[in-house]
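Beneath this line is the structure, given in structure tokens, with notes to follow.
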Amino acid sequence: MITIELFGVPRLRAGRDALDVEAKTLGDALRALASGCPALDPSVIEDGKLKPFYAIALNGAVVPSDPRTPLADGDILLLLSADAGG
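In terms of this note's numbering, the sequence shown has 47 at position 42, counting the first letter as 1, and numbering is strictly consecutive.
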């Protein structure tokens, strides 16, 4: 199980702060997130890919939004607006 935590605009659009999904890759996780939170598609996620101006962190480290990035059971993804923070 992969936990996807939402912060900033993604959280506001989704109306929730997290979602647990089954996924082997980042692309799988983003597609599952778009399916579970339709308000994020296509404004944040489109065709299993993250739109510009959004960033994803994997277990606390910002990673490229390459849909082929492998995930392991227990991973935590954080999806946020790239302009979030200070």
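All residues carry an ideal CB built from backbone N, CA and C; glycine is no exception.
**Message:** Tell me the DSSP secondary structure of Asp78 in three-state form.
**Reply:** coil
**Message:** Once the 5 residues before and after Ala39 are set aside, which same chain residues still bring their CB inside 6 Å of it?
**Reply:** Leu45, Asp46 and Ile50
**Asked** Taking the runs of the beta strand (DSSP E) that are 3 residues or longer, which of them lie wholly in the region 26-78?
**Response** 59-63 and 66-68
**Request:** Along the alpha helix (DSSP H) that carries Arg18, what are the first and last residues, could you check?
**Result:** Val14 to Ala19
**Asked** Which word fits Leu36, buried or exposed, when buried means at least 16 other C-beta atoms lie within 10 angstroms of its C-beta?
**Response** Correcting the residue identity first, residue 36 is Arg in this sequence and not Leu. The residue in question, Arg36, is buried, as its Cβ has 16 or more Cβ neighbours within 10 Å.
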